[in-house]
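A.B. asks: Numbering (this note's numbering), first residue to last: -19 to 91.
Just so it is clear, CB atoms sit at the ideal spot from N, CA and C, and this is done for glycine as well.
If you scroll down you'll find the structure; I have some questions about it.
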């Protein structure tokens, strides 16, 4: 499945802003982008067909990532810490629509 993706990869000097996301199949998101998340300002945002965002941020103390769905109307994000192995699996089985109910392990974090 194809997704629109925006990202910042500081170490690689590569960026696609959220105003100009690029099309990328789910099968390439890990190898082309997530594998290069190295700095605290790095991120990958994946847009579903309704423009809901699943954000992936590196957790720099180990091989974990913080993934979240920001919900502006709630002034909160729903997310969780996930291992690299779990994230690889998740990226191969992304739901068609990103909402907190699609990810039962997510917890609410108010802004």
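In chain order, what residues of the same chain have a beta carbon less than 6 Å from the beta carbon of residue 67, not counting five sequence neighbours either side?
C.D. replies: The answer, listed in chain order, is 45.
A.B. asks: Three-state secondary structure (DSSP) at residue 13?
C.D. replies: The answer is coil: DSSP assigns residue 13 none of H, G, I, E or B.
A.B. asks: I want to know whether the region 34 to 53 touches the region 9 to 26 - three or more CB-CB distances under 8 Å.
C.D. replies: They touch, by the three-pair rule.
A.B. asks: Would you kindly work out how many angstroms separate the C-alpha atoms of residue 0 and residue 32, rounded to a whole number?
C.D. replies: Taking the straight line from one Cα to the other gives about 15 Å.
A.B. asks: Can you tell me where the alpha helix (DSSP H) holding residue 72 begins and where it ends?
C.D. replies: Run containing residue 72: 64 to 72, per the alpha helix (DSSP H) assignment.
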